[in-house]
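Enquirer: Before we start, here is the structure in question, set down as structure tokens.
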DNA sequence: ATATTCATCGAAAACGTTTTCGTGTTAACA
DNA sequence: TGTTAACACGAAAACGTTTTCGATGAATAT
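Residue numbers (UniProt numbering), protein chains in the order written: chain E, 1 to 357; chain W, 1 to 357.
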């Protein structure tokens, strides 16, 4: 086993100084062609690579960005990661991921761990528990330390940073209006509790669409699911709730669900109750994941473009990081970072499949 | 904005030396109670946290492990990541992920980037292109540099390292035998090309199960899909192939597919052809993902326990990393790392759902 | 001949830690 | 009073880089 070779070792071996080696390898013209040749050849032979850690320490930046998300076994989030990784890699950055698992405490632990010099900036989506508690001090604390943050999807006004969101409201309006033009008379909604901002916004979009089409909203047609318990493992509960919902509202002929799991589960229940889709009931979901694509019937859905969200977030963050660099040589005393934060809205798009007419 | 405070700044402020501050904060008894109190209070007030990068440089280890996988928008892989992150975090490590995107070149680039001091060890699954090329020099090179690797799922004998795999062969046997005891007479197989080791092993398991039950394998009942092109975006091609397959083999009453996408797509085609599942045809898939769980009918499948794979991989890697530590104080000259590599086999399990009787 | 400019290289600082080894002071001992 | 031990702290090295600033010698110019 040959350990990684360092500048010092090369210097010793070739009987020159460390600085000479460093300069030779960066092809500095301070060094004569002869010695450059010699050093470069030696370095190549021993496969020299500069130590990232040492560089990070010297340059005071790590060239890696921290991703902090609630869950990774999740189509939307992993898509976002893919987007982030793509542009990060292209622009010379690495990504290090932390999982909050929807927990406030784990979110904080993870942040502090990474903020301890491991990363240059964060891209994150807030955990459910944090949203519930409405305690955002850790975000503001890290921003205060000079570490920029970009929030996506689950964002919050109380933190001053760049944000990338999908237009949940408008997406919901589009979906609901599609059901309306498709002649649905009793359009139901399956949504989450209100403290999840995206759920709330989608609910508002649903209501707005009804209103602007002069349809009176019927509270009975709205089913709010409490997903405090991880609903992935409680499908039966979900199915039962939906079954009850359908039975007490037999007139439902259109359904908008705020995520694809609710949508496909609803389709399953509907079929069980003898309803056929889309003939008896048309269904539209949110989030274009594997389920939507491969369900039978395949699901018409509102696509969030997760990868695009990731890419934009990464670009926003890296832009800011590199802008901070150029601020350095300035001689202004109180060199506060710019406060003009951007909120990018990614347009949603309805992908029509078999669950609507 | 208050930048992160350092030992030096504390020292200056309190008019002591850096070493005193360092010792005081680690509660060394070399320092008097008085000064310790003073320094600790000050540090707490200014929320001092040691700089990870500096520590990494000093200790020559980063306490982060690199994950290198072909794809992240993938239920199995993200589950493995979750497992890795869990134990990594518990044992004080961070994870940094790189995506090869099934490309040989990107795999190498990513490895070299991370091997440059950013990580202590790798957990990885080999990209398709690399498997095809059978070029594993980059793995051996990084191992040679003293960076241990743990491979999972897609592993290869040519590299000496710890490995964690699922028993693809046995899983396939189990699945096929389940179809046999369920009275299927013509059991078909939908699989991948042979260069993917897991596909090959699952195919072998299928054949073995038939053989040991005295059923002659019929080559016509085996459909090999070429997924060189990302099949996610080519479902129509897939559907057509399967449809053709079913039409030319109308007697098929049992189907084993080597992944869940093939399985649910097959179910979809079957339904289109007027076959009902499980009455006319029973189906078993591989990988227990969202699709299996929420398809209609829900899919009986061979679970790979991705999270467990991740956890075991992480434990294996960290165990080895910490063992390397204890080797250090040894005065043996040629301190080669242990060559006794472990190959862990995670048992598969059949999860019965609606697609079998 | 002296002064000046290049060309080529090395020493040292800096990034933020931890740790080893001194060193000075004070108190206890002979 | 002189020796010793304990105590409290600081200086410096080390991890691996890059970069600034000199330093040396040779070559050129005057």
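Beta carbons are placed, not taken as given, at the ideal position from N, Cα and C, and that holds for glycine.
Using beta carbons (cut-off 8 Å, strictly below), is residue 329 of chain E in contact with chain W?
Expert: Against the first chain, residue 329 of chain E aligns to sequence position 329. Unreliable positioning characterises residue 329 of chain E in this predicted model, as indicated by a pLDDT of 44, which lies under 50. A coordinate reading is not provided.
Enquirer: Listed in chain order, which residues of the UniProt domain "HTH lacI-type" (5 to 59) of chain E have Cβ atoms closer than 9 Å to some Cβ of chain W?
Expert: Taking 9 Å as the Cβ-Cβ cut-off against chain W, the residues of the UniProt domain "HTH lacI-type" (5 to 59) of chain E that qualify are 47, 49, 50, 51, 52, 53, 54, 55, 56, 57.
Enquirer: Relative to the C-alpha of residue 351 of chain W, which residue among W:192, W:318, W:284, W:316 is closest?
Expert: Position 351 of the second chain, counted from the first residue, corresponds to residue 351 of chain W. The shortest C-alpha separation from residue 351 of chain W is found at W:284.
Enquirer: Who are residue 124 of chain E's beta bridge partners in DSSP?
Expert: Numbered from its first residue, the first chain carries residue 124 of chain E at position 124. BP columns for residue 124 of chain E point to E:68, E:151.
Enquirer: So, does the stretch 47 to 54 of chain E touch the stretch 107 to 122 of chain W, judging by three or more C-beta pairs under 8 Å?
Expert: Yes, the stretch 47 to 54 of chain E is in contact with the stretch 107 to 122 of chain W.
Enquirer: By the DSSP assignment, the alpha helix (DSSP H) with residue 395 of chain W in it spans what residues?
Expert: Residue 395 of chain W lies beyond the residue range present for chain W, which begins at 1 and ends at 357; the question has no answer from this structure.
Enquirer: Which ranges would you report for the beta strand (DSSP E) in the stretch 141 to 220 of chain W if only whole runs of at least 3 residues count?
Expert: As far as the stretch 141 to 220 of chain W is concerned, its whole beta strand (DSSP E) runs of at least 3 residues are 149 to 152, 162 to 166, 187 to 192.
Enquirer: Taking Cβ-Cβ distances below 8 Å as the criterion, which residues of the stretch 145 to 167 of chain W are in contact with chain E?
Expert: If the cut-off is 8 Å between Cβ atoms, the stretch 145 to 167 of chain W has 145, 146 near chain E.
Enquirer: Taking only the alpha-carbon atoms, compute the straight-line gap between residue 133 of chain E and residue 322 of chain E and give it to the nearest angstrom.
Expert: Residue mapping note: residue 133 of chain E aligns to position 133 of the first chain, counting from 1. Residue mapping note: residue 322 of chain E aligns to position 322 of the first chain, counting from 1. So the alpha carbons of these two residues sit roughly 34 Å apart.
Enquirer: Return the bridge partner residues of residue 346 of chain E from the DSSP annotation.
Expert: In the first chain, the residue the question calls residue 346 of chain E occupies position 346. Beta-bridge pairing links residue 346 of chain E to E:166.
Enquirer: Using beta-carbon positions only, say whether residue 128 of chain E and residue 196 of chain E come within less than 8 Å of one another.
Expert: As a working note, residue 128 of chain E is residue 128 in the first chain. As a working note, residue 196 of chain E is residue 196 in the first chain. In this structure, residue 196 of chain E lies closer than 8 Å to residue 128 of chain E by Cβ.
Enquirer: Tell me, to the nearest whole angstrom, how far the beta carbon of residue 355 of chain W is from that of residue 278 of chain W; I am working on the premise that it is less than 8 Å.
Expert: Residue mapping note: residue 355 of chain W aligns to position 355 of the second chain, counting from 1. Residue mapping note: residue 278 of chain W aligns to position 278 of the second chain, counting from 1. About 6 Å; that satisfies the 8 Å criterion.
Enquirer: Determine the direct distance from the alpha carbon of residue 171 of chain E to that of residue 302 of chain E, and round the result to whole angstroms.
Expert: Counted from its first residue, the first chain places residue 302 of chain E at position 302. Counted from its first residue, the first chain places residue 171 of chain E at position 171. Rounded to whole angstroms, residue 302 of chain E to residue 171 of chain E spans 6 Å at the Cα level.
Enquirer: To the nearest angstrom, how far is it from the Cα of residue 87 of chain W to the Cα of residue 309 of chain W?
Expert: Taking the first residue of the second chain as 1, we reach residue 87 of chain W at position 87. Taking the first residue of the second chain as 1, we reach residue 309 of chain W at position 309. Answer to the nearest angstrom: the Cα atoms are 11 Å apart.
Enquirer: Give a yes or no on whether the C-beta atoms belonging to residue 342 of chain E and residue 162 of chain E are separated by under 8 Å.
Expert: As a working note, residue 342 of chain E is residue 342 in the first chain. As a working note, residue 162 of chain E is residue 162 in the first chain. Contact: yes.
Enquirer: Within 10 angstroms of its Cβ, does residue 1 of chain E collect 16 or more other Cβ (buried), or is it exposed?
Expert: Here the question's residue 1 of chain E lines up with position 1 in the first chain. With fewer than 16 Cβ atoms within 10 Å of its Cβ, residue 1 of chain E is classed as exposed.
Enquirer: By the 10 Å Cβ neighbour count, where 16 or more other Cβ atoms means buried, how is residue 144 of chain W classified, buried or exposed?
Expert: The residue labelled residue 144 of chain W in the question sits at position 144 within the second chain. Residue 144 of chain W is exposed by the Cβ-count criterion.
Enquirer: Suppose only complete runs of 3+ residues qualify. What are the beta strand (DSSP E) ranges in the stretch 249 to 305 of chain E, listed by chain order?
Expert: Fully enclosed beta strand (DSSP E) runs of 3 or longer: 254 to 257, 282 to 286, 300 to 303.
Enquirer: What are the start and end residues of the alpha helix (DSSP H) that includes residue 53 of chain E?
Expert: On the first chain, position 53 is the one that residue 53 of chain E refers to. 52 to 59 is the span of the alpha helix (DSSP H), which, as asked, contains residue 53 of chain E.
Enquirer: Is the distance from the Cβ of residue 95 of chain E to the Cβ of residue 67 of chain E below 8 Å?
Expert: Start at 1 with the first residue of the first chain, and residue 95 of chain E comes out as number 95. Start at 1 with the first residue of the first chain, and residue 67 of chain E comes out as number 67. In contact: residue 95 of chain E and residue 67 of chain E (Cβ atoms closer than 8 Å).
Enquirer: Can you name, in chain order, every residue of its own chain whose Cβ lies under 6 Å from the Cβ of residue 125 of chain W, other than the five neighbours on each side?
Expert: As a position in the second chain, residue 125 of chain W is number 125, starting the count at 1. These residues qualify, in order along the chain: 69, 152, 153, 154.
Enquirer: Mind the definition here: the stretch 25 to 39 of chain W touches the stretch 77 to 86 of chain W only if three or more C-beta pairs lie below 8 Å; say whether that holds.
Expert: The stretch 25 to 39 of chain W vs the stretch 77 to 86 of chain W: no contact.
Enquirer: So, does the CB of residue 117 of chain W fall closer than 8 Å to a CB anywhere in chain E?
Expert: Within the second chain, residue 117 of chain W is the residue found at index 117, counting from 1. Closer than 8 Å to some Cβ of chain E, the Cβ of residue 117 of chain W qualifies, so yes.
Enquirer: Closest by CA to residue 192 of chain E, which one among E:7, E:306, E:202, E:249?
Expert: For the purposes of this step, residue 192 of chain E is identified with residue 192 of the first chain, where counting begins at 1. It is E:202.
Enquirer: Under a Cβ-count criterion, where at least 16 other Cβ atoms within 10 Å of its own Cβ denotes burial, should residue 244 of chain E be classed as buried or exposed?
Expert: Here residue 244 of chain E corresponds to residue number 244 of the first chain, with the count starting at 1. Counting Cβ neighbours within 10 Å, residue 244 of chain E comes out exposed, since fewer than 16 surround it.
Enquirer: With a cut-off of 8 Å, does the C-beta of residue 216 of chain W fall near any C-beta of chain E?
Expert: The residue given as residue 216 of chain W occupies position 216 in the second chain. Cβ-Cβ to chain E under 8 Å: no for residue 216 of chain W.
Enquirer: Can you tell me whether residue 320 of chain W is buried or exposed? The criterion is at least 16 other CB atoms within 10 Å of its CB, across all chains shown.
Expert: The count along the second chain starts at 1 and reaches residue 320 of chain W at position 320. The residue is buried, with at least 16 neighbouring Cβ atoms inside 10 Å.
Enquirer: With a threshold of 8 Å between beta carbons, is residue 294 of chain W in contact with chain E?
Expert: In the second chain, counting from the first residue as 1, residue 294 of chain W sits at position 294. Yes, its Cβ sits closer than 8 Å to a Cβ of chain E.
Enquirer: Using the beta-carbon of each residue, which ones in chain E are nearer than 8 Å to residue 94 of chain W?
Expert: By one-based count along the second chain, residue 94 of chain W stands at place 94. Going along chain E in sequence order, the residues near residue 94 of chain W (Cβ under 8 Å) are 96, 98, 113, 114, 118.
Enquirer: Give me whichever residues DSSP pairs with residue 225 of chain W in a beta bridge.
Expert: Mapped onto the second chain, residue 225 of chain W falls at position 225. Bridge partners of residue 225 of chain W: W:192.
Enquirer: Strictly below 9 Å CB to CB, what residues from chain E border residue 79 of chain W?
Expert: Translated into the one-based positions of the second chain, residue 79 of chain W becomes position 79. By Cβ distance, chain E contributes 72, 73.
Enquirer: Out of E:239, E:60, E:348, E:150, point me to the one whose CA is closest to residue 122 of chain E's CA.
Expert: The residue labelled residue 122 of chain E in the question sits at position 122 within the first chain. Cα-wise, what sits closest to residue 122 of chain E is E:150.
Enquirer: Please state whether the Cβ-Cβ distance between residue 264 of chain E and residue 291 of chain E is less than 8 Å.
Expert: Here residue 264 of chain E refers to the residue found at position 264 of the first chain. Here residue 291 of chain E refers to the residue found at position 291 of the first chain. A contact, by the Cβ cut-off of 8 Å.
Enquirer: Which residues does DSSP pair with residue 99 of chain E in a beta bridge?
Expert: As a working mapping, residue 99 of chain E is identified with position 99 in the first chain. Per DSSP, E:69.
Enquirer: So that I know if they touch, is there some Cβ in chain E lying closer than 8 Å to that of residue 3 of chain W?
Expert: If you number the second chain from 1, residue 3 of chain W lands on position 3. It does; some Cβ of chain E falls within 8 Å.
Enquirer: Between the Cα of residue 311 of chain E and those of E:164, E:300, E:247, E:214, spot the shortest distance and give me the residue it belongs to.
Expert: As a working note, residue 311 of chain E is residue 311 in the first chain. Measuring from the Cα of residue 311 of chain E, the nearest candidate turns out to be E:164.
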